[in-house]
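Number of protein chains: 4
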Amino acid sequence: MPRPPSAKPLIENAALRLFVEKGVAGTSIRDVAAAAGVSEGALYRHFDSKDALVWALFAGSFAAFARRLDALQAAAHGTRAKLAAMIGGVLGFYDAEPLLFRFLLFVQHRQLEKVTPDMPNPIDTIRNVVRAGIAAGDIPPTDPELATAMAVGLVLQPATFAAYGRIEGPLLPHAPRIATAAWQALTASSGENRK
Amino acid sequence: MPRPPSAKPLIENAALRLFVEKGVAGTSIRDVAAAAGVSEGALYRHFDSKDALVWALFAGSFAAFARRLDALQAAAHGTRAKLAAMIGGVLGFYDAEPLLFRFLLFVQHRQLEKVTPDMPNPIDTIRNVVRAGIAAGDIPPTDPELATAMAVGLVLQPATFAAYGRIEGPLLPHAPRIATAAWQALTASSGENRK
Amino acid sequence: MPRPPSAKPLIENAALRLFVEKGVAGTSIRDVAAAAGVSEGALYRHFDSKDALVWALFAGSFAAFARRLDALQAAAHGTRAKLAAMIGGVLGFYDAEPLLFRFLLFVQHRQLEKVTPDMPNPIDTIRNVVRAGIAAGDIPPTDPELATAMAVGLVLQPATFAAYGRIEGPLLPHAPRIATAAWQALTASSGENRK
Amino acid sequence: MPRPPSAKPLIENAALRLFVEKGVAGTSIRDVAAAAGVSEGALYRHFDSKDALVWALFAGSFAAFARRLDALQAAAHGTRAKLAAMIGGVLGFYDAEPLLFRFLLFVQHRQLEKVTPDMPNPIDTIRNVVRAGIAAGDIPPTDPELATAMAVGLVLQPATFAAYGRIEGPLLPHAPRIATAAWQALTASSGENRK
DNA sequence: GATGAATGAGAATTCATTCAT
DNA sequence: GATGAATGAATTCTCATTCAT
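Chains as they are written, first to last, in numbering that gives the first Met the number 0: chain F, 0 to 194; chain D, 0 to 194; chain A, 0 to 194; chain Z, 0 to 194.
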């Protein structure tokens with residue numbers, strides 16, 4: 000009976016950390032192997048290539064995050080509560096797994112091209128809630144993509160600020176503030192409330 | 000007065016395009032030189048290194064963008080108008096120079112570390128307006144960093160969506176909608192407006 | 000009496016096929032093990048090294064082929080009949096075991112260096128018949144090595160053509176034609192038959 | 000004005016020698032670079048890859064050799080003279096460029112697959128002469144591919160023997176003997192001359 | 001005995017940068 | 001000034017072989 004694979008999680012953890020610290024391009028396979036305490040060759044038993052390693056890390060977390068958001072919105076009732084639940088989910092994810100979150104955030108650009116439409120996608124999850132909210136009349140008629148973008152930006156940018164050190168401490172305490180802001184942003188009509 | 004070297008803008012344009020298309024790491028000096036119609040050696044007459052080229056592209060546009068935003072806010076009166084002016088500035092910049100905007104957006108991560116506090120910085124410009132708005136009582140007391148993050152996200156994420164093709168067409172028409180949303184988001188207090 | 004290990008022939012067949020298809024250098028031990036349905040480690044129970052596997056395949060067939068040719072010539076009477084018998088043996092071998100034949104043909108270069116003078120050698124077998132034919136006066140005096148080379152080329156090149164797909168169908172039907180040609184070639188004197 | 004390329008012939012010579020001595024697979028780019036006295040990287044300025052280097056060496060000589068044979072047969076009159084001329088051409092080529100000849104001979108297997116029908120091909124040249132000879136009635140009706148194979152084998156196998164050291168000295172003196180043998184072989188009918 | 005994870009020594013290739021011409 | 005050949009270090013990846021389980 001062969002040795003069970005024990006190196007894989009070591010590699011994943013080391014890669015995640017290095018990719019966030021130095022960027023994917025700035026991290027060599029040698030760096031990852033050394034940090035994981037395995038040989039370079041061993042890495043290729045678990046991942047076909049460096050790209051495959053990056054993608055495995057990305058796709059796994061990306062989909063898991065999407066499923067988590069979807070569960071949160073499904074458990075909540077009403078558009079506003081669903082949005083608030085998802086916002087809390089995003090912020091809570093940042094607090095719980097800052098490394099993973101920053102990896103998703105900073106690595107997204109090159110990886111998003113490879114995301115297929117059938118993969119669970121957190122952005123789509125949020126968009127679906129926004130769309131349903133518009134259909135239900137909870138959100139005034141508006142471009143759902145723009146509304147989604149605004150909602151996403153409202154919660155992702157604070158996380159980005161936190162990743163850059165502009166915001167300190169856990170993000171979850173800001174959830175009510177952000178949720179309220181998002182609700183205001185989405186339900187505001189273009190001309191309303193101008194003095 | 001000698002003719003200024005005409006190769007430099009060629010190199011900058013070629014580099015910008017390639018960096019956005021293939022990423023900085025995925026673009027070699029050879030690629031840039033070939034696309035610019037210049038020899039590899041000639042490139043080093045204009046830029047000390049590849050990093051210097053990236054940085055020149057980034058820092059120049061970043062600071063110019065910051066100055067533009069600052070001019071826009073200075074010309075407007077009142078916190079709300081200043082914010083709206085800056086939002087229009089961001090969206091208009093995207094429409095006018097999508098390549099440059101996407102370069103700043105996607106390349107920011109590694110470059111922001113090199114930004115020194117004395118450089119004009121668009122984020123700081125926005126934060127200053129937010130802070131002043133709070134001080135003036137136009138925005139209810141709140142964490143200025145968080146408020147800045149939300150305002151930035153509200154406008155940057157639509158641009159990101161546009162860069163990914165999720166939103167089509169020019170962004171400037173969305174300026175009033177986003178400005179209103181931003182104002183609502185910033186002036187909402189955490190508990191307000193709940194049913 | 001223990002059951003002989005059944006893996007060895009599986010490995011040999013798989014290796015033979017892959018070596019012919021992709022070349023020895025282009026075939027990894029992993030490829031062979033996978034094709035044979037055996038683990039990489041198990042392969043080393045049967046063969047000391049990759050080189051040893053190649054050599055075992057080569058040397059075994061090479062010597063067996065030599066013995067076969069020798070038996071054929073021994074059973075025939077007269078130089079011409081002996082040559083014809085060996086030519087039929089070569090062509091029949093190609094028809095019966097095309098994979099093995101092609102392996103010997105294409106792999107020969109690097110392996111022939113390792114062939115020791117005491118190993119049964121098909122070329123030597125043919126040369127001995129040629130020499131004896133010259134000594135017996137059946138073949139006019141001539142350089143025996145050159146005569147051997149011509150006889151070998153006359154039968155090996157059609158097999159090579161067959162291996163490359165230039166000649167289709169079984170080769171054995173061509174045996175009389177080739178045998179006649181070989182006899183004519185060997186018995187021709189340099190100046191004879193010129194117009 | 001840049002340095003003219005001087006390294007290319009150095010690389011080609013070194014590669015040719017090493018490929019013949021140690022085989023293509025047994026020769027590393029590092030070996031070639033060292034033997035050529037250039038850096039590994041420099042090699043890639045002249046050849047896109049190791050495969051491209053091998054192919055350049057092969058295809059160039061292969062086609063040149065074909066053109067040479069074609070010129071020789073074109074200058075000769077009558078099927079027999081054309082064949083004799085080509086046989087002399089092959090043997091003379093071996094004597095003049097033994098390294099190149101052995102390279103073509105031993106490396107052919109993997110490279111012939113890449114030969115396209117529009118490339119000048121020595122085998123085709125010989126086959127065309129054989130075909131024309133049959134059509135002209137100089138050679139009795141026979142399978143032209145088989146006849147070509149025999150003619151080719153008759154001259155290539157002596158060269159192979161020479162490459163292996165079985166035949167010593169220049170090959171060209173054997174030309175008349177081989178030419179006569181070839182003519183006898185091709186003009187013999189299957190049943191003729193049997194006692 | 002068998003397994004396949006791990007090793008470690010290369011292999012091919014790329015590329016920013018330098019510099020002779 | 002410009003060119004592009006050359007460098008040399010680093011990178012990704014492969015693979016024969018070993019060995020703990």
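All C-beta atoms, glycine included, are put in the ideal place defined by N, C-alpha and C.
Problem set entry | Contact check, residue 87 of chain F vs residue 174 of chain F, beta carbons under 8 Å | For residue 87 of chain F and residue 174 of chain F, yes; Cβs fall inside 8 Å.
Problem set entry | Touching by the beta-carbon criterion (3+ pairs, under 8 Å), the region 124–134 of chain Z and the region 74–83 of chain Z | yes
For this session: Taking only beta-carbon positions, decide if residue 151 of chain D is within less than 8 Å of chain F.
Result: Yes, contact with chain F.
Exercise. Name the chain Z residues whose beta carbon is nearer than 9 Å to that of residue 20 of chain A?
Worked result: The premise fails here: residue 20 of chain A is roughly 11 Å from chain Z at the closest Cβ pair, so nothing lies under 9 Å.
For this session: Could you tell me whether the Cβ of residue 184 of chain F comes closer than 8 Å to any Cβ of chain D?
Result: Closer than 8 Å: yes.
Exercise. Hey, residue 104 of chain A and residue 60 of chain A are a contact pair by Cβ (cut 8 Å); roughly how many whole angstroms apart?
Worked result: With a Cβ gap of about 11 Å, residue 104 of chain A and residue 60 of chain A do not count as contacting.
Problem set entry | Within chain F, the residues that residue 163 of chain D reaches when beta carbons sit closer than 8 Å | 111
For this session: Look at residue 184 of chain D and residue 134 of chain F and say whether their C-beta atoms are less than 8 Å apart.
Result: Contact flag unset, no.
For this session: Would you list, in chain order, the members of the region 86–117 of chain Z that have their beta-carbon closer than 7 Å to a beta-carbon of chain A?
Result: Those would be 105, 108, 109, 111, in chain order.
Exercise. Terminal residues of the continuous alpha helix (DSSP H) containing residue 171 of chain D?
Worked result: That residue, residue 171 of chain D, is in no alpha helix (DSSP H); it is neither H nor E in DSSP.
For this session: Please look up how many angstroms separate the CB atoms of residue 90 of chain F and residue 156 of chain D, rounded, as I've assumed it's under 8 Å.
Result: Rounded, the Cβ-Cβ distance is 16 Å, inconsistent with contact.
Exercise. Would residue 144 of chain F count as contacting chain D if we go by Cβ distances under 8 Å?
Worked result: It does: the Cβ of residue 144 of chain F has a partner Cβ on chain D nearer than 8 Å.
For this session: Give the residues of chain Z in contact with residue 26 of chain A, contact being defined as C-beta atoms less than 7 Å apart.
Result: None at all; the shortest Cβ gap to chain Z is about 11 Å.
Exercise. Is the CB of residue 191 of chain A under 8 Å away from at least one CB in chain Z?
Worked result: Only weak support exists for where residue 191 of chain A lies, its pLDDT of 46 falling under 50; the coordinates are left without a value.
Problem set entry | Own chain partners of residue 93 of chain Z with C-beta closer than 7 Å, once the 5 adjacent residues on each side are dropped | Correct list, in chain order: 100, 158, 161, 170.
Exercise. Quick one: any contact between the region 114–121 of chain F and the region 58–77 of chain F, if contact means 3 or more CB pairs under 8 Å?
Worked result: yes
Exercise. With DSSP run on the structure shown, which of helix, strand or coil describes residue 24 of chain A?
Worked result: If DSSP states are grouped into helix, strand and coil, residue 24 of chain A belongs with coil.
Exercise. Relative to the C-alpha of residue 176 of chain F, which residue among D:165, D:142, D:151 is closest?
Worked result: When only C-alpha atoms are compared, the closest one is D:142.
Problem set entry | Cβ separation of residue 14 of chain F and residue 52 of chain F, assumed to be a contact under 8 Å, to the nearest whole Å | 6 Å
Exercise. What's the C-alpha gap between residue 38 of chain F and residue 97 of chain Z?
Worked result: Rounded to whole angstroms, residue 38 of chain F to residue 97 of chain Z spans 45 Å at the Cα level.
For this session: For chain F, find out if any of its Cβ atoms is closer than 8 Å to the Cβ of residue 179 of chain D; answer yes or no.
Result: yes
Exercise. Rounded C-beta distance between residue 42 of chain D and residue 11 of chain D? I'm assuming under 8 Å.
Worked result: Actually they are not in contact, since the Cβ atoms of residue 42 of chain D and residue 11 of chain D sit about 11 Å apart, beyond 8 Å.
Exercise. For residue 23 of chain Z versus residue 106 of chain Z, is the C-beta spacing smaller than 8 Å?
Worked result: yes
Exercise. Between residue 9 of chain A and residue 30 of chain A, what straight-line distance do the alpha-carbon atoms span, to the nearest angstrom?
Worked result: 13 Å
For this session: Measuring only between beta-carbons, confirm whether residue 1 of chain F sits less than 8 Å from chain D.
Result: Reliability fails at residue 1 of chain F, whose pLDDT of 49 lies under 50, so the model's placement of it is uncertain and the value that follows must be treated cautiously. No, residue 1 of chain F does not count as interfacial toward chain D.
For this session: Give the residues of chain Z in contact with residue 155 of chain A, contact being defined as C-beta atoms less than 7 Å apart.
Result: 152, 156
Exercise. Buried or exposed: where does residue 74 of chain F fall if 16 or more other Cβ atoms within 10 Å of its Cβ makes it buried?
Worked result: exposed
Exercise. Are the beta-carbon atoms of residue 163 of chain A and residue 71 of chain Z separated by less than 8 Å?
Worked result: It is not a contact, given that the beta carbons lie outside the stated cut-off.
For this session: Indicate the three-state DSSP secondary structure (helix, strand or coil) for residue 163 of chain Z in the structure shown.
Result: coil
Exercise. Along chain Z, which residues have their Cβ under 8 Å away from the Cβ of residue 173 of chain A?
Worked result: 142, 145
Problem set entry | Backbone CA spacing between residue 18 of chain A and residue 46 of chain Z [nearest angstrom] | 27 Å
Exercise. Tell me which same chain residues have a C-beta within less than 8 Å of the C-beta of residue 69 of chain F, skipping the five on either side of it?
Worked result: 119, 124
Exercise. Can a CB atom of chain Z be found closer than 8 Å to the CB of residue 187 of chain A?
Worked result: Answer yes: the Cβ-Cβ gap between residue 187 of chain A and chain Z drops below 8 Å somewhere.
Exercise. For residue 153 of chain A versus residue 152 of chain Z, is the C-beta distance shorter than 8 Å?
Worked result: Contact: yes.
Problem set entry | CB contact flag (residue 49 of chain Z, residue 28 of chain Z, <8 Å) | yes
For this session: Following the continuous alpha helix (DSSP H) through residue 129 of chain D, name the residue where it begins and the one where it ends.
Result: 121–135
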